[in-house]
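**Q** Just passing along the structure, written as structure tokens.
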Ligand code: GLN
């Protein structure tokens, strides 16, 4: 008889945003390294139906899956750590489940019954977990927020009930808590963590393991205290201070008491092959002598997570090219205050809305005029096209997103455009293939003449102005298969001025740098 499917639930206490997603992904990575098939899912208790309309300044980037789901950035961690491609079923939100429930209620599917959070919503959550778990040996479920949050209670109840559905022995509960260090008394304070564990028990879940997040390394007595007060054995309490790189976390877990716990839980004591993680940590520590300064022209300056996948893709490319990376965020609204000539490469990432647009166009123009290696991502392509059209003399060239009245709408919404209906129009989401022009810089970077990349945009390059754009220095180097949409542009005479309508950053992996990012770093390295 085969092993029963196992479920690992990762919850948080004290604070959110201290690394639950990395913990969940890293547990998965360790199990994968022991030869198991792992699936993973994020449950978010907020009432949004997807993450598409969430403010990135508050929530960090919106991660897009191949099937076009607009999800929480934790899915990006999962994909990078586990090297798998996820879909809508791996991102479960209250808003999504509730709107389905209410639609079913309206359709009369409950046959007169009272529709309630318990059991109806909790059952829907469990069903969603079961669907997402199909085909794996171990399914990991991360619950967003912290236990005790009003809006998350249905999820906590659902994962408690889940043990009744599949058997307690097939469920492992991991609680991630934060332990602050109080500078004045110079001690770590476990009280909030103890309270958080009590909260969890109050909802009927006795955790099997506790991950203790601290800023700096904490002494063993912190683990002992949490073990004693939390009712968890000492080897199931893992102290996890901030790491130099998140890719260290699988190694930390594999070297801890959690490893034995996972082995007993999964009945698999195959030693984990952690060579990939060891390599990544060594690469991060190596700090090669050649240092490249890359400017990221940013609209949001206050939240490091807004361009997370772009940052990770640049890091991977730097590792692959054996250079150190100094990434500087340049405030798009104040580009004039920066000396762009001191950068070895410029990246203009994706974005929506008009703030900072002129600064990004100026940065693209600077790169075009001065042959600075440039990578434009989605909006970064549209603005490069605008910069080239203006250079060719169309002074008011713009996207109708920013100036609906412009007479030179070089970026616009096409008639009859297809995509997901969303506020204000249709969004082209998820995987689309493109054909690259043979001999182009992008074809060379990809070593291929076709690509499939994830998209998330509404506006398109207006082909009526391609001659002007060409006069400004940019040619189209990749098309949608039907030839209707511009997918890539580049400056033929440049070292590496390349832009894509897609978001290639989502497919970059720590140990497999994305070709376009690697191309940028390579060009900057040779150029220096
Ligand atoms: N705002 C632009 C559009 O909707 C670009 C979007 C993006 O960069 N993701 O087309």
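Numbering (my numbering), first residue to last: 222 to 749. C-beta atoms are modelled at their ideal positions from N, C-alpha and C, and glycine is treated no differently.
On the criterion of 16 or more Cβ atoms from any shown chain inside 10 Å, does residue 354 qualify as buried, or is it exposed?
**A** By the 10 Å Cβ count, residue 354 comes out buried.
**Q** For a quick check, are the C-beta atoms of residue 726 and residue 530 less than 7 Å apart?
**A** Cβ distance < 7 Å, so residue 726 and residue 530 count as in contact.
**Q** To the nearest whole angstrom, what separates the beta carbons of residue 550 and residue 517, a pair I think is in contact under 8 Å?
**A** Rounded, the Cβ-Cβ distance is 5 Å, consistent with contact.
**Q** For residue 394, count neighbouring C-beta atoms within 10 Å of its own C-beta (all shown protein chains included) and say buried if the count is 16 or more, exposed if not.
**A** Buried is the call here.
**Q** Opposite residue 461 in the DSSP bridges: which residues?
**A** The partner list for residue 461 (beta bridge, DSSP) reads 434.
**Q** Measure the beta-carbon distance from residue 651 to residue 352 and round it to whole angstroms, keeping in mind my assumption that it falls under 8 Å.
**A** Incorrect: roughly 19 Å between the Cβ atoms, too far for contact.
**Q** Taking residue 303 as part of the alpha helix (DSSP H), name the residues at either end of that continuous run.
**A** Where residue 303 is concerned, the enclosing alpha helix (DSSP H) stretches over 295-303.
**Q** Report the three-state DSSP secondary structure of residue 561 (helix, strand or coil).
**A** Residue 561 falls in the helix class under three-state DSSP.
**Q** In chain order, what residues of the same chain lie with their CB nearer than 6 Å to the CB of residue 222, ignoring the 5 residues before and after it?
**A** In this prediction, residue 222 has a pLDDT of 39, which is less than 50 and means its spatial position is unreliable; nothing more can be read from the coordinates.
**Q** Residue 480: which of 307, 732, 276, 252 sits nearest, CA to CA?
**A** With distances taken between Cα atoms, residue 480 lies closest to 252.
**Q** Express the C-alpha separation of residue 343 and residue 378 in angstroms, rounding to a whole number.
**A** C-alpha separation (whole angstroms): 7 Å.
**Q** Can you tell me where the beta strand (DSSP E) holding residue 268 begins and where it ends?
**A** Note, residue 268: premise wrong, no beta strand (DSSP E); not H, not E.
**Q** Does the Cβ-Cβ distance between residue 391 and residue 225 come in under 7 Å?
**A** It is a contact, given that the beta carbons lie within the stated cut-off.
**Q** With a threshold of 6 Å (Cβ to nearest heavy atom), would residue 679 be considered close to the ligand GLN?
**A** Yes - the ligand GLN has a heavy atom lying nearer than 6 Å to the Cβ of residue 679.
**Q** Please report the Cβ distance between residue 729 and residue 533, rounded to the nearest whole angstrom; I am assuming they are in contact, meaning their Cβ atoms lie under 8 Å.
**A** Indeed, because the Cβ distance is near 7 Å, the residues count as touching under 8 Å.
**Q** Which complete beta strand (DSSP E) runs does the segment 445-514 hold, if anything under 3 residues is left out?
**A** The segment 445-514 contains these whole beta strand (DSSP E) runs: 458-462.
**Q** Would you kindly work out how many angstroms separate the C-alpha atoms of residue 482 and residue 706, rounded to a whole number?
**A** For residue 482 and residue 706, the distance between alpha carbons rounds to 52 Å.
**Q** Quick check on residue 652: does DSSP put it in helix, strand or coil?
**A** Of the three classes helix, strand and coil, the one that applies to residue 652 here is strand, per DSSP.
**Q** Alpha carbon to alpha carbon, what distance is there between residue 648 and residue 318?
**A** Going from the Cα of residue 318 to the Cα of residue 648 covers about 22 Å.
**Q** Just to check, is the beta-carbon of residue 597 closer than 6 Å to a non-hydrogen atom of the ligand GLN?
**A** Because no heavy atom of the ligand GLN lies under 6 Å away, the Cβ of residue 597 does not count as near it: no.
**Q** Give the DSSP-derived three-state secondary structure of residue 530 in the structure shown.
**A** Helix at residue 530.
**Q** What are the boundary residues of the beta strand (DSSP E) that residue 675 is part of?
**A** From DSSP, the beta strand (DSSP E) with residue 675 extends over 671-678.
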